[in-house]
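Peer 1:
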Amino acid sequence: MSPSSEALALLTPTRQAYALAGIGHVAIHTADPARARDFYCGLLGFAEARGKLLPHCGEHRLLETRSGQLVALCRAVPGPGLAKTAIHTAYRLSGPARAASLEKLRRRGTEIFTYKEDRPEEAPQNCYIHDPDGNRIQLVADPTLSGEGVAGIDHAAIQAIDLEWAEKFYVGTLGLDVAHVVGWRTEDYVRAEAWAAGKEQYLPGAMRLDKRYFAFPGQPTHRPRPNIQLYVRAGAETIAIYLEIEHRQEPPEEQLIGTPRIALRLARGRLEDVAAELAKEKRPFAGPVTHAAGSPFGRSLYLKDPGANFLEICSD
Amino acid sequence: MAALESLNHTAICVHDLIESTKFYCDLLGAVPNSRSLFQIEQARAGVVIFQSVILEDYLLALTVAPDFMPMPPEDQLRGAHGFRHGFVVPKKRFDEVQESLRRHGVRFEGPVDHPDKGPFGQSIYFKDPSGNFLEILWRRDENPEDNRRRRYVAVE
Chain D
106 MSPSSEALAL
116 LTPTRQAYAL
126 AGIGHVAIHT
136 ADPARARDFY
146 CGLLGFAEAR
156 GKLLPHCGEH
166 RLLETRSGQL
176 VALCRAVPGP
186 GLAKTAIHTA
196 YRLSGPARAA
206 SLEKLRRRGT
216 EIFTYKEDRP
226 EEAPQNCYIH
236 DPDGNRIQLV
246 ADPTLSGEGV
256 AGIDHAAIQA
266 IDLEWAEKFY
276 VGTLGLDVAH
286 VVGWRTEDYV
296 RAEAWAAGKE
306 QYLPGAMRLD
316 KRYFAFPGQP
326 THRPRPNIQL
336 YVRAGAETIA
346 IYLEIEHRQE
356 PPEEQLIGTP
366 RIALRLARGR
376 LEDVAAELAK
386 EKRPFAGPVT
396 HAAGSPFGRS
406 LYLKDPGANF
416 LEICSD
Chain B
135 MAALESLNHT
145 AICVHDLIES
155 TKFYCDLLGA
165 VPNSRSLFQI
175 EQARAGVVIF
185 QSVILEDYLL
195 ALTVAPDFMP
205 MPPEDQLRGA
215 HGFRHGFVVP
225 KKRFDEVQES
235 LRRHGVRFEG
245 PVDHPDKGPF
255 GQSIYFKDPS
265 GNFLEILWRR
275 DENPEDNRRR
285 RYVAVE
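In structure tokens:
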């Protein structure tokens with residue numbers, strides 16, 4: 106009567122969880138690492154991790170949060186059209202720390218964006234800015250926190266050309282839990298209509314205007330829809346995966362190490378398990394790579410997800 | 135006159151694709167077939183979001199309604215709100231189906247006895263989570279020796 110179904114099983118992890126402890130670091134692009142460092146440290150409250158560098162990040166400045174999570178500001182040309190996408194990184198701060206950062210940003214003349222959130226738990230966190238290179242930043246006030254500075258990375262939002270592939274990879278292969286989905290319910294379409302009518306503002310990339318499959322005479326040729334989204338939980342952090350709005354140039358297929366990149370921390374001793382699973386799934390990866398002394402972590406696997414986003418899985 | 139062979143599939147509107155897919159698959163025993171709108175090409179082509187499921191040999195495309203549909207009162211379990219899908223089970227599994235619905239907290243009306251001379255034996259009536267009417271019945275003219283399942287013909 107109730108055969109378990111593959112597609113439904115994908116909504117819950119089908120593999121043994123690998124004790125992925127969350128996001129360890131992110132690498133983002135900047136045309137000028139020193140200028141970006143000044144922005145992140147001077148206005149947002151990051152600390153520069155002096156004397157530390159991350160493997161395979163090219164020329165970069167390294168920032169540290171209170172949790173120990175790292176942000177590498179890598180010298181590279183930020184991708185075109187970034188502002189039209191939902192790609193962003195969210196950082197967690199105490200309420201007073203976020204208020205202090207926002208005040209500094211306002212005095213500097215930095216535009217602060219507020220959007221209607223499509224993930225309920227982010228509703229009080231609708232506070233976005235752009236860094237000098239156009240990377241979108243979300244500042245998340247955590248009521249459980251106190252103190253100054255940036256407490257940690259809260260979530261990272263990326264894009265994929267196929268959300269079903271993304272689900273198979275992040276949930277099926279890596280064993281992450283689904284935290285939320287958008288675009289699967291009528292209420293999401295009702296909100297898209299409100300967005301198209303100019304009644305509500307959403308994060309760029311959260312809604313889309315696609316041509317109709319067919320249109321009756323007199324009917325609009327395009328219609329607003331939610332952009333399909335999948336949120337997966339890695340430890341205390343979340344990765345938000347949005348369907349791409351437009352095609353983008355992907356890195357060469359054989360390139361497995363690159364930036365921008367999200368690194369997931371893994372419990373010691375499990376890297377081989379993940380490598381075996383990736384091999385079984387025929388997903389190319391590089392490593393395990395053993396890092397030189399002085400690296401913040403000991404070994405890493407490098408790969409791309411099915412959406413060609415660079416990933417790193419690192420452990421002590 | 136068109137020489138139609140059989141009814142092939144139905145696209146029905148639902149309000150929650152996850153809830154509906156779980157209902158049809160986990161409760162009624164359907165098997166997921168394919169999804170649409172999860173790829174950029176499909177989205178740009180304006181394809182609607184659906185999850186197709188195969189119930190025995192019949193395909194249902196569970197399609198997310200772009201607006202909330204007026205639905206019959208919650209306590210109305212039997213009717214035809216535009217349409218009703220009726221599915222057949224062997225008589226020997228009819229009690230098992232009812233027990234499964236009870237176990238999953240799905241309210242149903244029946245079993246309702248049909249006229250002795252008709253092809254239908256008994257039916258139960260209920261709704262899916264979005265309010266679409268459903269019926270499960272057994273037929274008096276079933277051949278208890280025939281355990282074949284008709285092969286599904288894909289519509290893709």
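As they're listed, the protein sequences go chains D and B. The C-terminal residue of the first sequence carries number 421 in the working numbering, and the numbering is unbroken. The C-terminal residue of the second sequence carries number 290 in the working numbering, and the numbering is unbroken. Cβ atoms here follow ideal geometry from the backbone N, Cα and C, with glycine treated the same way. The model shown is predicted, which means the values in this text are computed figures rather than measured ones.
(1) Using 10 angstroms around the beta-carbon of residue 292 of chain B, count the other beta-carbons present and answer buried if the total reaches 16, otherwise exposed.
(2) Terminal residues of the continuous beta strand (DSSP E) containing residue 345 of chain D?
(3) Identify the residues that DSSP records as bridge partners of residue 314 of chain D: which are they?
(4) List, in chain order, every chain B residue whose beta-carbon is nearer than 9 Å to that of residue 338 of chain D.
(5) What is the DSSP secondary structure of residue 295 of chain D, reduced to helix, strand or coil?
(6) Give me the subset of the stretch 284-308 of chain D whose CB atoms are less than 9 Å from a CB atom of chain B, sorted by chain position.
(7) Roughly how many whole angstroms lie between the Cα atoms of residue 200 of chain B and residue 235 of chain D?
(8) Using the C-alpha atoms, what's the distance from residue 345 of chain D back to residue 264 of chain D?
(9) 8 Å is my cut-off, CB to CB: does residue 180 of chain B come that close to chain D?
(10) Would you give the residue range spanned by the beta strand (DSSP E) that residue 245 of chain B belongs to?
(11) If distances are taken between C-alpha atoms only, which option among B:144, B:253, B:219, B:228 comes closest to residue 273 of chain B?
(12) Using a Cβ-Cβ distance under 8 Å, would residue 152 of chain B count as near chain D?
(13) Is it buried or exposed for residue 351 of chain D, if we count other Cβ within 10 angstroms and need 16 for buried?
(14) Hey, could you find the ends of the alpha helix (DSSP H) residue 273 of chain D is sitting in?
(15) To the nearest angstrom, report how far apart residue 198 of chain D and residue 272 of chain D are at their CA atoms.
(16) Residue 250 of chain B: buried (16+ other C-beta within 10 angstroms of its C-beta) or exposed?
(17) Assign residue 263 of chain D to one of three DSSP states: helix, strand, or coil.
(18) Does the stretch 396-405 of chain D come close enough to the stretch 143-162 of chain B to have 3 or more Cβ pairs within less than 8 Å?
(19) Got a sec? Which residues, its chain only, sit under 7 Å from residue 421 of chain D by beta carbon, not counting five neighbours each side?
(20) Could you name the residues of the same chain whose beta carbon sits closer than 6 Å to that of residue 215 of chain B, not counting the 5 residues immediately before and after it, in chain order?
(21) In chain D, which residues lie with their C-beta within 9 Å of the C-beta of residue 149 of chain B?
(22) Among D:359, D:225, D:262, which residue has its Cα nearest to the Cα of residue 293 of chain D?
(23) Can you name the residues that DSSP bridges to residue 220 of chain B?
(24) Let's test the definition: count the other Cβ atoms within 10 Å of the Cβ of residue 284 of chain B and tell me whether it reaches 16, buried, or not, exposed.
(25) Should residue 183 of chain B be flagged as near chain D, meaning a C-beta pair shorter than 8 Å?
(26) Please classify residue 217 of chain D as buried or exposed, where buried requires at least 16 neighbouring CB atoms within 10 angstroms.
(27) In chain D, which residues lie with their C-beta within 9 Å of the C-beta of residue 201 of chain B?
(28) Taking the straight line between their C-alpha atoms, what separation do you get for residue 179 of chain D and residue 215 of chain D?
(29) Check whether the stretch 235-253 of chain D touches the stretch 143-159 of chain D, counting contact only when three or more Cβ pairs, one atom from each stretch, lie closer than 8 Å.
(30) Are the C-beta of residue 138 of chain B and some C-beta of chain D separated by less than 8 Å?
(31) How long is the line joining the alpha carbons of residue 251 of chain D and residue 244 of chain B, rounded to whole angstroms?
(32) So, under 8 Å CB-CB, residue 261 of chain D and residue 367 of chain D are touching, yes? Tell me the CB distance rounded to an integer number of Å.
(33) Are the C-beta atoms of residue 413 of chain D and some chain B residue less than 8 Å apart?
(34) Could you check if residue 318 of chain D is buried or exposed, using at least 16 other CB atoms within 10 Å of its CB as the buried criterion?
Peer 2: Reading it off the structure:
(1) The requested residue 292 of chain B does not occur in the structure, where chain B is confined to residues 135 to 290.
(2) Run containing residue 345 of chain D: 342-348, per the beta strand (DSSP E) assignment.
(3) In the DSSP secondary-structure assignment, residue 314 of chain D is bridged to D:329.
(4) Within 9 Å of the CB of residue 338 of chain D, no CB atom of chain B is found; the nearest one sits about 17 Å away.
(5) Three-state result, residue 295 of chain D: helix.
(6) Within the stretch 284-308 of chain D, the residues whose Cβ lies closer than 9 Å to some Cβ of chain B are 286, 288, 289, 290, 291, 292, 293, 294, 295, 297, 298, listed in chain order.
(7) The straight-line gap from Cα to Cα measures roughly 33 Å.
(8) In this structure, the straight-line span from the alpha carbon of residue 264 of chain D to that of residue 345 of chain D is close to 8 Å.
(9) By this cut-off, residue 180 of chain B is an interface position.
(10) It spans 243-247 - the beta strand (DSSP E) in which residue 245 of chain B sits, taken as one unbroken run.
(11) The residue with the shortest Cα to Cα distance from residue 273 of chain B is B:253.
(12) Yes, because at least one Cβ of chain D sits closer than 8 Å to the Cβ of residue 152 of chain B.
(13) Exposed.
(14) No alpha helix (DSSP H) holds residue 273 of chain D; DSSP gives it neither H nor E.
(15) CA-to-CA, the gap between residue 198 of chain D and residue 272 of chain D works out to about 29 Å.
(16) Counting Cβ neighbours within 10 Å, residue 250 of chain B comes out exposed, since fewer than 16 surround it.
(17) In the structure shown, residue 263 of chain D sits in a strand (DSSP, three-state: E or B).
(18) In this structure the stretch 396-405 of chain D does not touch the stretch 143-162 of chain B; the number of beta carbon pairs closer than 8 Å is below three.
(19) Short of 7 Å from the beta carbon of residue 421 of chain D, and not among the five residues preceding or following it, lie these beta carbons of its own chain, in chain order: 373, 402, 403.
(20) So the qualifying residues of the chain are 206, 267.
(21) Result: 290, 291, 292.
(22) Taking only the C-alpha atoms, the option nearest residue 293 of chain D is D:225.
(23) Note: residue 220 of chain B sits in a beta bridge opposite B:269.
(24) Residue placement at residue 284 of chain B cannot be trusted, given a pLDDT of 39 that sits under 50; the coordinates are not used to answer.
(25) True, the Cβ-Cβ gap to chain D drops below 8 Å.
(26) Result: exposed.
(27) Result: 291, 294, 295, 298.
(28) Each residue's alpha carbon lies about 22 Å from the other.
(29) Touching, yes.
(30) No, its Cβ sits nowhere closer than 8 Å to a Cβ of chain D.
(31) Answer to the nearest angstrom: the Cα atoms are 60 Å apart.
(32) That belief holds up - the Cβ atoms of residue 261 of chain D and residue 367 of chain D are roughly 5 Å apart, short of 8 Å.
(33) Residue contact check for residue 413 of chain D against chain B: no CB pair falls below 8 Å.
(34) When all chains shown are included, residue 318 of chain D counts as exposed.
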